[in-house]
Amino acid sequence: MAEATVRKVRPKYLNLIQIRLPLPGIVSILHRVSGVGLFLALGGLIWLLGASLGSAEQLAAFRAVLAFSVLGLPVVKLVVLGLVWAYLHHFCAGIRFLFLDMHKGIELETARKTAVAVLAVSLSLTVVLGVLTW
Numbered sequence: 000m001a002e003a004t005v006r007k008v009r010p011k012y013l014n015l016i017q018i019r020l021p022l023p024g025i026v027s028i029l030h031r032v033s034g035v036g037l038f039l040a041l042g043g044l045i046w047l048l049g050a051s052l053g054s055a056e057q058l059a060a061f062r063a064v065l066a067f068s069v070l071g072l073p074v075v076k077l078v079v080l081g082l083v084w085a086y087l088h089h090f091c092a093g094i095r096f097l098f099l100d101m102h103k104g105i106e107l108e109t110a111r112k113t114a115v116a117v118l119a120v121s122l123s124l125t126v127v128l129g130v131l132t133w
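See the structure below:
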């Protein structure tokens, strides 16, 4: 007797727009995005730190950049605010992932609650620091 072969119907492509990612997955992706953003901005941040700690001329250049951003371009303000959010989100999500690596909070309901907490804390601290800065 000939064996009947059963073919599974598989999708030809994966439509990422139709997939509903759970909140812990979104927090994980944002953790990676914030890490990449911080890494890419690291050179400029190190330059700003060196300028603020260097000679009087470098400090004047540093203040000129800050005065230009505070008074002139709102785009620079948004970039700085985005970097503040990236740092706070990366920090909060990193603490969450450290606990998950220690097998604390790996239950589904706890993982969802900690993902909401990471988003709430990082966004609220970003708003507070943004208001205090400007």
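Sequential numbering from 0 applies to the sequence shown in numbering that gives the first Met the number 0.
Every residue, glycine too, gets a C-beta built ideally from N, C-alpha and C.
Quantities reported herein were computed from a predicted structural model and do not represent experimental measurements.
{"query": "Opening and closing residue of the alpha helix (DSSP H) in which V74 lies", "result": "73-100"}
{"query": "Straight-line Cα distance separating S27 from L13", "result": "20 angstroms"}
{"query": "C-alpha gap between I94 and V127, whole angstroms", "result": "20 angstroms"}
{"query": "Among I25, A55, F61, R9, the one whose alpha carbon lies nearest that of L47", "result": "F61"}
{"query": "Best match in A92, K76, W133, M101 for proximity to R111 [C-alpha to C-alpha]", "result": "A92"}
{"query": "Check whether G104 and F96 have beta carbons under 7 angstroms apart", "result": "no"}
{"query": "Cβ-based neighbour list, G36, same chain, cut-off 8 angstroms, excluding 5 preceding and 5 following", "result": "G81, L82, A85"}
{"query": "Buried/exposed call for V8, threshold 16 Cβ in 10 Å", "result": "exposed"}
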